[in-house]
Structures are given as C-alpha cells and as structure tokens.
Amino acid sequence: MTEVMDARALLARAEAETGLSDYGDPSLAERFGAAVDLLNGLGMDADGCRRAADVCHWLLTTRLELFEDRNRYPVADELIDRPMFVTGEPRSGTTLMHALMSVDPDARALRFWEVMYPSPPPGVTGPDDPRRAQADADWREINAKLPKWLHSHPYNDMLGDGLPEDER
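Each residue of the sequence shown is one higher than the one before, starting from 6 at the first, in the working numbering.
Structure below.
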C-alpha cells in the first residue's frame, strides 16, 4: 500500500521539537510542500515513506537550528580574506584537492560532522561535542551497509573527522 507524507505535519513536528519557526525564507513551506508532493508521487511503501519523513525531519530541524544560530551568533560581519572553494565534476579530483588544501595550517577545512550537524557553530561547544560521536556512528553505519565504499573513498575511515563531500 502506498503511504503519503503530510508536509504541514512535518513542518509542525520540526517546529514543535525545536521550539523554532524561522526557516530563513517565508517561501520555504510552499517549496517544501511541492517537494513532499513529488516524494509522495513516487509510490513509496510504509518503510520508504517513514525513512523519507525522517530525512525531511532532520533537514527541517537542522535548518531551523541553523537560522537560530545565525541570529544568536552573528558571523555575517566577519571578513574572510581570500576564501577558497573547490568545485568540479564527480571523480575529477575535487575531494583530493580539498584534502590537500586541508593540510595547510593557514587554511580551515570543514569536517564531515560540521557539515552534517552545523548547529551550534564550531567553537561554541567543547572538544567532546556529541555531534562528533553521531557523525562517527553515521559513517560506521554507511561503511557496514556499503563495505565497498572505502575502495573508492579510502579517506572515509576517518569517520566524523573526515572531509565532507556533497553530503548535503
């Protein structure tokens, strides 16, 4: 039997869980509704629908927390001299370039855990930040479910401290 998700209920659940309601864009609810409609059109079974709803919930709560952090810890006024970006096609060496740049002591490369769990911003919590352990658990699960993953991505053995790719 095909299951469906309710966009309004997903938004309300994320807001109730976080106590927040600012998604940073007043059009998000409408756009999210359109995305959920597309997902509902896939004809997912109950398990697929539950998993999709879990991912949507994670993305919504993360977005709410991120915009709350932008208000609480304003960094938009910080000046970053000569920012560096790595872009390119898949399998073209972008991850290797990112890894090479990350060893420069004058550069700051984001870690997987910082991309996947951006709130609160780095430096607000201590070295035992629980998001690191969560990211480690995420990678252990990925590596267990996809054992050949490490053949083409050997650096992911660093778990949550590894470099992100296009996870989000």
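Cβ atoms here follow ideal geometry from the backbone N, Cα and C, with glycine treated the same way.
At least three beta-carbon pairs within less than 8 Å, the region 91–100 to the region 43–50: no
Neighbour-count burial assignment, Phe90, 16 or more Cβ in a 10 Å radius: exposed
Among Asp42, Leu65 and Asp59, nearest to Ala19 - alpha-carbon criterion: Leu65
Distance, Trp118 Cα to Ile85 Cα: 22 Å
Glu8 to Met106 span [Cα, whole Å]: 45 Å
Status (buried if at least 16 other CB within 10 Å, exposed otherwise) for Arg68: buried
Start and end residues, alpha helix (DSSP H) containing His158: No residue range can be given for His158, since it is assigned to no alpha helix (DSSP H) and is classified by DSSP as neither H nor E.
Supposed contact pair Ala34 and Leu16 - C-beta distance, whole angstroms, cut 8 Å: 6 Å
Residue span of the alpha helix (DSSP H) that contains Ala112, given as start and end: Ala112 -> no alpha helix (DSSP H), and no H or E assigned at all.
Limits of the alpha helix (DSSP H) - the one that Glu35 falls within: Leu33 to Asn45
Beta-carbon separation (whole angstroms), Phe37 vs Ala57, contact threshold 8 Å: Rounded, the Cβ-Cβ distance is 13 Å, inconsistent with contact.
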